[in-house]
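K.L.:
Residue numbering for the sequence shown follows the UniProt record's numbering, beginning at 1 and increasing consecutively.
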Amino acid sequence: MIRHALMDDRFAVIALLRESHAAAGADYKFEAARADALFRYHLQSAMACVLVLERQGAVCGVLMASAFDHPFGAGLIAKETVWFVAPHARGRASLAMLDLYEEWARAVGCTAIGMAALASNDVSNLYLRRGYAPAETHFIKSI
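#1: So the candidates are A135, C60 and I140; which of them puts its Cα closest to the Cα of V85?
#2: If distances are taken between C-alpha atoms only, which option among D36, R18, R130 and F39 comes closest to K29?
#3: Taking M97 as part of the beta strand (DSSP E), name the residues at either end of that continuous run.
#4: Output needed for L43: all residues of its chain with C-beta closer than 7 Å, excluding positions within five of it in sequence on either side, in chain order.
#5: Spatial neighbours of Q56 within its chain, please: CB distance less than 7 Å, with the 5 preceding and 5 following residues excluded, ordered by chain position.
#6: Pick helix, strand or coil for E19, following the three-state DSSP scheme.
#7: What are the boundary residues of the alpha helix (DSSP H) that F39 is part of?
#8: Can you tell which of H138, M115 and E136 has the C-alpha that lies nearest to the C-alpha of Y127?
#9: Quick one: what does DSSP say F11 is sitting in, helix, strand or coil?
#10: Under 8 Å, with one C-beta from each stretch per pair, do the stretch 88 to 101 and the stretch 70 to 77 reach the 3-pair mark?
#11: According to the neighbour-count rule (16 or more other Cβ atoms, all chains shown, within 10 Å of its Cβ), is D9 buried or exposed?
#12: Quick one, which of M1, D27 and R34 has its alpha-carbon nearest F11's?
#13: Mind checking which residues open and close the alpha helix (DSSP H) that includes R130?
#14: Closer than 7 Å by C-beta to D27: which residues in its own chain qualify, once you throw out the five before and the five after it? Chain order, please.
#15: Can you name, in chain order, every residue of its own chain whose Cβ lies under 8 Å from the Cβ of A135, other than the five neighbours on each side?
Pasting the structure below:
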């Protein structure tokens, strides 16, 4: 089942964010307090959402996103903050999460929607099949 998150999902989502951080191979440490603040922001903001994938009563996937005015005047745009589904729960349910995210973005008035792909888990082909077009490539350097 995919649904909008509740505050009761907080610890499960933070655990998924920790797992996502590890899977991404980030070279900075995970901070649970920041993950908690990120979850609360997305849960409480009228211009953000937290979707969860639940199987047999356990939260095993999360998609967080927010909507904002595009800086170059393209209107309201939705951007994924994080999308992570535990390896054992991946499959068609992940696509249903993406569907619900797109529905949410339309409902808040977005004219465009953005997704990202990690170098360590490149899902670009999935996005291309869904009608997304490449827009830019990001690079990160620790300093």
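Quick reminder that beta carbons are idealized off the backbone N, C-alpha and C, glycines included.
P.N.:
Taking the coordinates as given:
#1: C60
#2: Among D36, R18, R130 and F39, the Cα nearest to that of K29 belongs to R18.
#3: Counting along the chain, M97 falls outside any beta strand (DSSP E), though it belongs to the alpha helix (DSSP H) covering R92 to A107.
#4: A5, M7 and V50
#5: none
#6: Helix.
#7: A32 to Q44
#8: M115
#9: helix
#10: no
#11: buried
#12: R34
#13: That residue, R130, is in no alpha helix (DSSP H); it is neither H nor E in DSSP.
#14: S142
#15: G114
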